[in-house]
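Here is the structure we will look at.
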Amino acid sequence: MTKTALYSAHKALGAKIVDFHGWEMPLQYTGILEEHKAVREAVGVFDVSHMGRIEISGPEAEQFIDRLTTNVITGKKEQQAIYSVLCRKDGTSIDDVIVLRHSPVSCSVVSNASNRERVFQHISSLAKKVIVTPSYMQEGILAVQGPQSLSIVEEYFPELKDIPSMRCLKLKQGILSRTGYTGEKGIELFASFEEIERFWKWLMSKGVKPVGLGARDTLRLEKGYALYGHELSDTIAPTESVSAWAVKLQKETFLGKEALIELEKKKRHQYGVVLEDPGIARAECKVFKGEEPIGVVTSGTFSPSLKKSICIVMVTPELAVGDIINIHIRDKPCRAHIVQLPFL
Amino acid sequence: MKYTETHEWIEEQGSAATVGVSDYAQKELGDIVYIELPQKGIQVKAGDVVCVLESTKAAADVYSPVSGTISAVNEKLKEQPELINRSAESEGWIYKIQVSSPQELEKLLDKKEYYKK
Numbered sequence: 000m001t002k003t004a005l006y007s008a009h010k011a012l013g014a015k016i017v018d019f020h021g022w023e024m025p026l027q028y029t030g031i032l033e034e035h036k037a038v039r040e041a042v043g044v045f046d047v048s049h050m051g052r053i054e055i056s057g058p059e060a061e062q063f064i065d066r067l068t069t070n071v072i073t074g075k076k077e078q079q080a081i082y083s084v085l086c087r088k089d090g091t092s093i094d095d096v097i098v099l100r101h102s103p104v105s106c107s108v109v110s111n112a113s114n115r116e117r118v119f120q121h122i123s124s125l126a127k128k129v130i131v132t133p134s135y136m137q138e139g140i141l142a143v144q145g146p147q148s149l150s151i152v153e154e155y156f157p158e159l160k161d162i163p164s165m166r167c168l169k170l171k172q173g174i175l176s177r178t179g180y181t182g183e184k185g186i187e188l189f190a191s192f193e194e195i196e197r198f199w200k201w202l203m204s205k206g207v208k209p210v211g212l213g214a215r216d217t218l219r220l221e222k223g224y225a226l227y228g229h230e231l232s233d234t235i236a237p238t239e240s241v242s243a244w245a246v247k248l249q250k251e252t253f254l255g256k257e258a259l260i261e262l263e264k265k266k267r268h269q270y271g272v273v274l275e276d277p278g279i280a281r282a283e284c285k286v287f288k289g290e291e292p293i294g295v296v297t298s299g300t301f302s303p304s305l306k307k308s309i310c311i312v313m314v315t316p317e318l319a320v321g322d323i324i325n326i327h328i329r330d331k332p333c334r335a336h337i338v339q340l341p342f343l
Numbered sequence: 000m001k002y003t004e005t006h007e008w009i010e011e012q013g014s015a016a017t018v019g020v021s022d023y024a025q026k027e028l029g030d031i032v033y034i035e036l037p038q039k040g041i042q043v044k045a046g047d048v049v050c051v052l053e054s055t056k057a058a059a060d061v062y063s064p065v066s067g068t069i070s071a072v073n074e075k076l077k078e079q080p081e082l083i084n085r086s087a088e089s090e091g092w093i094y095k096i097q098v099s100s101p102q103e104l105e106k107l108l109d110k111k112e113y114y115k116k
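So the protein sequences, as listed, match chains A and B.
Note that numbering that gives the first Met the number 0 gives residue 285 to position 286 of the first sequence, counting from 1, and the numbers run on in steps of one.
Note that numbering that gives the first Met the number 0 gives residue 73 to position 74 of the second sequence, counting from 1, and the numbers run on in steps of one.
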């Protein structure tokens, strides 16, 4: 099992630690509902050092990453952060990532914890005229999120004032980026373990609430964001997922494009769903329209902000907002309807 | 009060008994947001799944510590499932049962034995 630089800090705070893809990570400190609320209404900090940043540099860095991912990278603004998906030739998803395009010759790819090794392998194996370096053995990542996050972080990093949403900046302490996974204002800091510990301690002294992976999941689900292994996977194409907006089929070329075009007419669809009957749908629950099985739940939870039971489903037919479906929870059909994403 | 290996508690009151989940179990589950209560009047056997607790992260089955007929359920939990987090071994009780085989109670753990585990 692997630990982040902050493991003992989490333990000292009384965190409940879980095994997350081989990492000993804090699931919660005081409780998922309370931590969720802190991020929606004030500010919270997540240790996400298990995620991985991979550095790509060379004269054709942006073109190289552009050819490997579904979203447009080439020609974007300097210091832009772009959400994108890495596909295989067959159109299935290797990972969803944030590309930090520092300049045409320097990009970072930020991958999920569970995928960082294979993302590095994949990118390295295709590298031409670029140098691919994993930064994750030497650095950690903190996400500070919530309506009060920017004003607090500005006290520590005055440079933050000049960084707009979905942009980043290289500082002497690391990379500061206006990104996150909660749908709130916020930042992510990529820096040495030492700097991460220093910043964490400072945030604690300011009363910023530590938030675990439990609330991270309820926060992202309310915003309809994909979680790799649920909405995207080795068997789910990005065009079938809630991340379909990040696939630009009109791009001249990218790995997996032909397969995704081929899939267009027979692809499955993901929708946001609110349950009407009591119960909570979880991943793998079966979905029916009338008597007909049409798909499965990919993620489901109780939404702490809406106080409703919500889920994302993946189904074969196209459905419209308001359509009624049944979700089988422990073999009992529960009435539910399709809503527009995000939930919140 | 007696406990099961599967983290329920049971308290006898004559031929009836009250059942809930232990304080340890509620801490492990985290915030409970929904409970599927058992039906009043149904007959259950010891070890049957009688209801389900849903926390923000997962669902957990509740097993009946003894056999019998369910005589009452804690309706308050429908609106306030968090009562289980606040008071698992008192106000957060789940159901009452008319015990059909009192000898089953003898096999259960006492508080000391349970909390040693």
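Glycine residues also receive a C-beta, built at the ideal position from the N, C-alpha and C atoms.
Beta bridge counterpart(s) of residue i as assigned by DSSP
i, result
"S107 of chain A", "A:E54 and A:L99"
"K95 of chain B", "B:T17 and B:A71"
"D18 of chain A", "A:E23"
"K169 of chain A", "A:I174"
"S54 of chain B", "B:I31"
"E10 of chain B", "B:T17"
"A142 of chain A", "A:F45 and A:E187"
Chain B contact residues for residue i, given Cβ-Cβ distances below 8 Å
i, result
"G278 of chain A", "Y33, E35 and E53"
"F301 of chain A", "V32, Y33, E53 and T55"
"G213 of chain A", "G29, T55 and K56"
Contact list for residue i against chain A, beta-carbon separation under 9 Å
i, result
"K75 of chain B", "Chain A residues near K75 of chain B: none, gap ~15 Å exceeds 9 Å."
Interface residues of chain A facing residue i [CB-CB closer than 7 Å]
i, result
"D30 of chain B", "G30, I31 and L32"
Contacts of residue i in chain B (Cβ-Cβ under 9 Å)
i, result
"Q27 of chain A", "G29, D30, T55 and K56"
"R39 of chain A", "Those do not exist, as R39 of chain A stays about 14 Å from chain B at its closest Cβ, beyond 9 Å."
Bounding residues of the beta strand (DSSP E) (the contiguous stretch that carries residue i)
i, result
"K307 of chain A", "K307 to V314"
"G271 of chain A", "H268 to L274"
"H327 of chain A", "I323 to I328"
"R334 of chain A", "K331 to V338"
"V296 of chain A", "E291 to S302"
"F189 of chain A", "G185 to S191"
"E105 of chain B", "Premise fails: E105 of chain B lies in the alpha helix (DSSP H), Q102 to E105, not in any beta strand (DSSP E)."
"I358 of chain A", "Any question about residue 358 of chain A goes unanswered here, given that chain A covers just 0 to 343."
"K285 of chain A", "K285 to K288"
Residue interval of the alpha helix (DSSP H) (run including residue i)
i, result
"S150 of chain A", "S148 to Y155"
"D65 of chain A", "A60 to L67"
"L262 of chain A", "K256 to L262"
"V84 of chain A", "Per DSSP, V84 of chain A belongs to no alpha helix (DSSP H); it is in the beta strand (DSSP E), Q79 to C86."
"V118 of chain A", "R115 to L125"
"K160 of chain A", "From DSSP, K160 of chain A is part of no alpha helix (DSSP H); its letter is neither H nor E."
Query raised in the report: How do the segment 308-325 of chain A and the segment 9-19 of chain B stand: do at least 3 beta-carbon pairs fall below 8 Å, yes or no?
Result: no
Query raised in the report: Does the count of Cβ pairs from the segment 71-78 of chain B and the segment 88-104 of chain B closer than 8 Å reach three?
Result: yes
Query - Given 8 Å, three or more beta-carbon pairs between the segment 104-114 of chain A and the segment 48-61 of chain A - result: yes
Query raised in the report: Is the segment 256-272 of chain A touching the segment 116-127 of chain A in the sense that three or more CB pairs, one from each, lie closer than 8 Å?
Result: no
**Report entry** Stretch pair the segment 101-114 of chain B + the segment 56-65 of chain B: three plus CB contacts closer than 8 Å
**Finding:** These segments touch.
Query raised in the report: With a cut-off of 8 Å, do at least 3 Cβ pairs link the segment 146-159 of chain A to the segment 186-206 of chain A?
Result: With the cut-off at 8 Å, the segment 146-159 of chain A and the segment 186-206 of chain A touch.
Report task. Anything in the segment 215-249 of chain A with a Cβ closer than 7 Å to a Cβ of chain B? List those residues in chain order, please. Result -> T217
Query raised in the report: For the segment 92-100 of chain A against the segment 24-39 of chain A, are there 3 or more C-beta pairs whose distance is under 8 Å?
Result: no
Query raised in the report: Which residues, in chain order, does the segment 259-292 of chain A contribute to contact with chain B at a C-beta distance below 9 Å?
Result: P277, G278, I279 and R281
Query - Residues in the segment 305-338 of chain A having any Cβ partner in chain B nearer than 8 Å - result: S308 and R329
Query raised in the report: Should the segment 191-210 of chain A be regarded as contacting the segment 32-51 of chain A, the criterion being three or more beta carbon pairs within less than 8 Å?
Result: yes
Query raised in the report: Do the segment 75-92 of chain A and the segment 225-238 of chain A make contact, defined as three or more Cβ pairs closer than 8 Å?
Result: yes
Report task. Kindly confirm or deny that the segment 50-60 of chain B and the segment 31-40 of chain B touch, where touching means at least three C-beta pairs closer than 8 Å. Result -> yes
Report task. Could you tell me whether the segment 253-267 of chain A touches the segment 325-343 of chain A, where touching means 3 or more Cβ pairs closer than 8 Å? Result -> no
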